[in-house]
Structure formats: structure tokens, C-alpha cells
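Notes follow once the structure below has been shown.
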Amino acid sequence: MKSSRVPAVILLLVLVFLYLPILLLVVNSFNEARYSSTWGGFTLKWYAALLERENRDLWEAAQRTLLIALSSSGISMVLGTLSACALHWYRSRLQQINYGVLYLPIIIPDLLMGISLLLFFVGLGATLGTGTILIAHITFCASFVTVVVLGRLQGFDENVINAARDLGATKWVIVRRVILPLLAPGIVAGGLLAFTLSVDDYVITFFVTGPGSSTLPLKIYSMVKHSKDLPVINAISTLFLILTFLIVWLSQRLTDSQPTRASR
Amino acid sequence: MTLRKNEILLTTPTLLWLAVFFVIPSFAMLLISFRPANVYGGVEDGWTLDAWRALADPDYPIILWRTTWLSLVTTAVCLALALPIAFFLGKLQGKWRGILLMLVIVPFWTNFVIRVAAWRILLHPEGMLRQALLGLGVIGPDTLLLYNEGAVLMVMVYTHLPFAVLPLYAAAERFDYSLLEAARDLGASGFRSVMRVFVPGVSRGLLTAMALVLIPALGSYVIPDLVGGPSDEMIGNKIAQRTLGDRNLPQAATLSVALLAITMIPILVVFLINRKEHANQP
Numbered sequence: 050m051k052s053s054r055v056p057a058v059i060l061l062l063v064l065v066f067l068y069l070p071i072l073l074l075v076v077n078s079f080n081e082a083r084y085s086s087t088w089g090g091f092t093l094k095w096y097a098a099l100l101e102r103e104n105r106d107l108w109e110a111a112q113r114t115l116l117i118a119l120s121s122s123g124i125s126m127v128l129g130t131l132s133a134c135a136l137h138w139y140r141s142r143l144q145q146i147n148y149g150v151l152y153l154p155i156i157i158p159d160l161l162m163g164i165s166l167l168l169f170f171v172g173l174g175a176t177l178g179t180g181t182i183l184i185a186h187i188t189f190c191a192s193f194v195t196v197v198v199l200g201r202l203q204g205f206d207e208n209v210i211n212a213a214r215d216l217g218a219t220k221w222v223i224v225r226r227v228i229l230p231l232l233a234p235g236i237v238a239g240g241l242l243a244f245t246l247s248v249d250d251y252v253i254t255f256f257v258t259g260p261g262s263s264t265l266p267l268k269i270y271s272m273v274k275h276s277k278d279l280p281v282i283n284a285i286s287t288l289f290l291i292l293t294f295l296i297v298w299l300s301q302r303l304t305d306s307q308p309t310r311a312s313r
Numbered sequence: 094m095t096l097r098k099n100e101i102l103l104t105t106p107t108l109l110w111l112a113v114f115f116v117i118p119s120f121a122m123l124l125i126s127f128r129p130a131n132v133y134g135g136v137e138d139g140w141t142l143d144a145w146r147a148l149a150d151p152d153y154p155i156i157l158w159r160t161t162w163l164s165l166v167t168t169a170v171c172l173a174l175a176l177p178i179a180f181f182l183g184k185l186q187g188k189w190r191g192i193l194l195m196l197v198i199v200p201f202w203t204n205f206v207i208r209v210a211a212w213r214i215l216l217h218p219e220g221m222l223r224q225a226l227l228g229l230g231v232i233g234p235d236t237l238l239l240y241n242e243g244a245v246l247m248v249m250v251y252t253h254l255p256f257a258v259l260p261l262y263a264a265a266e267r268f269d270y271s272l273l274e275a276a277r278d279l280g281a282s283g284f285r286s287v288m289r290v291f292v293p294g295v296s297r298g299l300l301t302a303m304a305l306v307l308i309p310a311l312g313s314y315v316i317p318d319l320v321g322g323p324s325d326e327m328i329g330n331k332i333a334q335r336t337l338g339d340r341n342l343p344q345a346a347t348l349s350v351a352l353l354a355i356t357m358i359p360i361l362v363v364f365l366i367n368r369k370e371h372a373n374q375p
């Protein structure tokens, strides 16, 4: 059977479409010329500009972004692991409700979560800032960690727990020495996903942020919106992309290690 | 009884967190849409339908319609591109399948704002693409690539495409390609056999892909804000303006409830079809 070349060509064109803007952004971060239409030679001056005094607020925003991402992924790792175990091991009415409440934040547009949280915080009279951003990030990250850990639990051999119990292990020993080590790659992969989601989030953060607590995506957004320092945006975006790729690569390695480690 | 205690211990922390910071805020949103706004940007006590009546303002129906239309077109284009890609990847054997799938997904992991910004920089009046097209004489000096509906649609397709490829690929991977050979042996043309055999074969994936693109597309805000013009605003832009621009929170809440109602349509469709298929399977 002669197969058509059309699907392969479409895939090729789509890949060009997907990578062209990102590649141009990275290339232009090393472009001496201010505007991307010409190549003015290789330079690192836009990266050097990031270190200048006037861009100090960018680093402050980067620090806040990291702090929020680390705390929210840490807390959502705990919350997500607990709820994944609940969903996996129990089939009750309560778990049906739990399932719905956990999946809705993933499905509905993030804009809606942002606005509803803002209205809630305003209603409570809470001060908007790093604290409210952290709460919002934990809220959407917990669901994603749950899904990742649940996937890991699906390949879980229940006999290991029975064996440990037969050998006289107490409940806490089983949790600490059997369940947690077996789930660890899933929990860490979920945590890394939560970390990237938190670092990436613009829409929800935009709604629940307060004066003086900008995160990196918010900073980049306002620079882009006002078309200010375009080459500097290219430079900081390139650094941001490298960070994301490192995390994704790390989490990919953890997920890939799943079958071998589970079967031994 | 100890089993029940374990279940409650495992369930409570997260469920409680989501009840306080997700379920209650959602109801707060509904409640505030019936509250009067005050001049200081806050919310007064009492009940009113003012914000709901304001939805009839000629501005809002147009924007609701534009939001729906742009999202539907985005979904259609994403599905049309993702179908042949999934078809090709599903048929492919060996390591290239994984590599190519990875290549499609990787951009999806990069920061959303940066991806939209990259397009804005590329389409910028001083940017490479417009200058190149000007030089080639394809466009006139008055043509802008940014701030129009075309730019919004293209970037929406760009950011949502992986959501369509993944579920369709998952369905294509399970599809039995020998059925296509059978269809061609029976005299169907290549295109016809794909449309009549492959497309129905991956209908489940098609449905999931449709929902995964349509739902976030309806809630778009960043894309029309960065690459669209004033006449390309979507409901998300109006929600942001009512919230942080002129600060009319009840109006923002009303628009959000309306958006939620629209996004519930694809969610319900998928839910009902899935349930029907479950019921039909013995």
C-alpha cells in the first residue's frame, strides 16, 4: 500500500511553526541589533543588562517566583499524595465527591479560578500579595500532583504491603519504609510539574497579586505589553526556557525510571 | 472502622483545602454577581440584578459571540492539524515515534507568556517577519501583522495545538491500521478510507481533544491582550478590565459566571457521551 506523504508534510510544517518563534527569540537574545529584523553580530550585552541596577526588580521578582514555586510545590506534594492514596484505595461516596472537586480545577479555565479567588480574598478583606499568590498556587498544583501520583499508584503491587504486614510491620513502618519509597518517583515528578506550573503561571497570579509583589511572568508580561526593552525580554526568556527544560528533563528521567524500579 | 478512619485522614486535608479555596470562592463569585457595586470599587450589601441586566448591553453579547466563535475556529483548526499528525505518529514504528511526539510536546512546557511574547516580537512592526514580507512586496507599508483577529487566531492555535495532538495520538496508537488496508482492498480511496474508518476509530480521542482545546480557549485572556486589537477582545479581557480597570466586581463576577456556563457545555457533552458509551458497553 502506497501511503500518502501529506501527514508527514503537515507534521514537518507544524514543527517549524512550533519552533520558529522560540528559536528566533533565543537567537535574538544574542543579536547586537535592537530590532530583530537585522543581524548585528553576536553579543552578550542583553544578558549583561539583566545585571544592571535598573533591572534589579527583575531579580527580586525571580526570587519571589522561586520562593512561591518551592513552597507551593512542597505543600501540594503532601496534599496531592494524600488525596491520590484516598482516591486509589477507597471507593466510597466521599471519593466520588473528592474526585470531582480534584478534577474541576484542572478542567475549568484558569481565569475563572483567578477571579473567584480574588473575589473571595476581597470579601474576606485579606491583603493581596505573596501570601494570596501562594494559596492560589497550592490550590491548582494539588490537583496536578494528585493526577501524577495516581498514575504511579496504578502500577503499585498491593502484595508488597501485605507481605510487609505479614512480616509484622506496623502501619507507620509500612507507610515510611514501603509505600513512600515506592511512590517517591511519582511524588517528585508531581512536585516538579507543580514547580513548573507555579513558575509559569501568569493568569491566576495576575488576579491575586498585590502592590509590590510581582512574579517573573508578571514582569515579563508588562515589559512585553509596553514593548519595553525587547532584547532584554529575549535574554530573560531564554534563561527561563533553559530552567524549564532542565526541570522537564529531570522529571522525564524520573518517570522513565518507573518500570525498571517497580519490577525489581 | 479503622479503614474508614484512614480514609478520612487521607481525604480531609486536600478536600478541605479545595473546599475553602476553590468551592467556596466559586459560590462567592455567583453570590457577588447579585450584589450592588459601590463607587469605591467594593461590593455593597443587598441584592440586585443590575450586573445581570448589564449583560444585555450591546457590547457584551458581541464579545460573548466573538469569544465562542474564535474558540470554535481555534478548535477546528487544531483538530484538523492534529488528526494527520496523530495518524502519522500512530502508524510510525520505532524510536522516531517517541522523538517526534516529544518534539510536538516540548513547546507546551515552555512558559506560556514567553511563547505569546515570542509571537508578538516576531509580528512586531519592526520585527523580522513584517520587514521580510515588506521587502518581498507581499504586504504594503500599511499592513500590520499584529493587533488583528488573524494574529489572535494563529497564536491561539499555536498555544493549544499540543492539547489536541496528545489525546488523538493516544487514540491513534490503539487504532488497528490494518482496517485501512481492508477498506482500500474493498475499493475505497485513501482519503475516503481515512475519513470513514480512521476518524470514527479515534472518535473518543477526537472528543477529548475538542474539549481540551475548546475549554481553555474560551477562557483566553493573554492572547487577545498581547496580539489582538481593541476589536478582538474576548470575554476574559472584559473580566480583567472590570476587575482591575474600572473595578466593578459584581460585573466581573457576572461575566465570569456567564463564561463558566459556556464552558460547562463542552464539559457536559463529553460527560454525557462518555456515560452513554459506558452504558452501551456490556
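Heads up: the protein sequence lines correspond to chains A and B, in order.
If you're matching positions, the first sequence starts at 50 in our numbering and goes up one per residue.
If you're matching positions, the second sequence starts at 94 in our numbering and goes up one per residue.
Virtual Cβ for every residue (Gly too), placed ideally from N, Cα, C.
*Checking contacts by CB at 7 Å: is Met94 of chain B closer than that to chain A?*
The predicted position of Met94 of chain B is uncertain, since its pLDDT is 48 and thus under 50; no value can be drawn from it.
_Met50 of chain A versus Tyr270 of chain B - alpha carbon distance_ = With a pLDDT of 44 at Met50 of chain A, under the threshold of 50, the modelled position of that residue is not reliable, and no figure is offered here.
*When the distance is taken between beta carbons, is Gly322 of chain B closer than 7 Å to Asn241 of chain B?*
yes
*Which stretch, first to last residue, makes up the alpha helix (DSSP H) that contains Phe201 of chain B?*
Lys188 to Trp202
*Within 7 Å (strictly less), CB to CB, does Cys190 of chain A reach chain B?*
no
*Buried or exposed: His186 of chain A, going by 16 or more other Cβ atoms within 10 Å of its Cβ?*
buried
*Exposed or buried, which one is Leu229 of chain B when buried takes at least 16 other CB atoms within 10 Å?*
exposed
*asked:* Taking contact to mean 3 or more Cβ pairs, one atom from each stretch, closer than 8 Å, check whether the segment 104 to 117 of chain A and the segment 265 to 273 of chain A are in contact.
replied: yes
*Is any beta-carbon of chain B found at less than 7 Å from that of Ile184 of chain A?*
yes
*Give the DSSP-derived three-state secondary structure of Asn77 of chain A in the structure shown.*
helix
*Alpha carbon to alpha carbon, what distance is there between Ile366 of chain B and Glu207 of chain A?*
33 Å
*Whole angstroms is fine: what's the gap from Thr168 of chain B's alpha carbon to Pro359 of chain B's?*
12 Å
*Partner residues on chain B for Phe289 of chain A, Cβ-Cβ distance less than 7 Å*: Asn204 and Ile207
_Segment limits, alpha helix (DSSP H) that includes Ala225 of chain B_ = Met221 to Leu229
*Leaving out the 5 sequence neighbours to the left and right, which residues in its chain are closer than 6 Å to Gly129 of chain A when beta-carbon positions are compared?*
Ala191, Val194, Thr195, Val198 and Gly239
*For Val206 of chain B versus Tyr251 of chain A, is the C-beta distance shorter than 7 Å?*
yes
*What are the boundary residues of the alpha helix (DSSP H) that includes Gln316 of chain A?*
Because chain A is modelled from 50 through 313, residue 316 of chain A falls outside the range shown and cannot be assessed.
_I need the boundaries of the alpha helix (DSSP H) containing Phe180 of chain B, first residue and last residue._
Asp152 to Lys184
*Hey, does Thr254 of chain A have any beta-carbon neighbour from chain B nearer than 7 Å?*
no
*Whole angstroms is fine: what's the gap from Leu226 of chain B's alpha carbon to Pro230 of chain A's?*
57 Å
*Give the DSSP-derived three-state secondary structure of Phe284 of chain B in the structure shown.*
helix
*asked:* Assuming the contact rule is C-beta atoms closer than 8 Å, Leu185 of chain B and Leu299 of chain B should be a hit. Round their C-beta distance to whole Å, please.
replied: About 20 Å; that fails the 8 Å criterion.
_CA-to-CA distance, Gly329 of chain B to Asn131 of chain B, given in whole angstroms_ = 22 Å
_Tell me whether the segment 287 to 296 of chain B and the segment 122 to 142 of chain A touch, counting them as touching only if at least three CB pairs, one residue from each stretch, are closer than 8 Å._
no
*asked:* Going by C-alpha to C-alpha distance, which of B:Phe115, B:Leu261, B:Arg190 and B:Leu108 sits closest to Ala133 of chain A?
replied: B:Leu108
*When the Cα atoms are used, what is the spatial distance from Ile253 of chain A to Leu273 of chain B?*
46 Å
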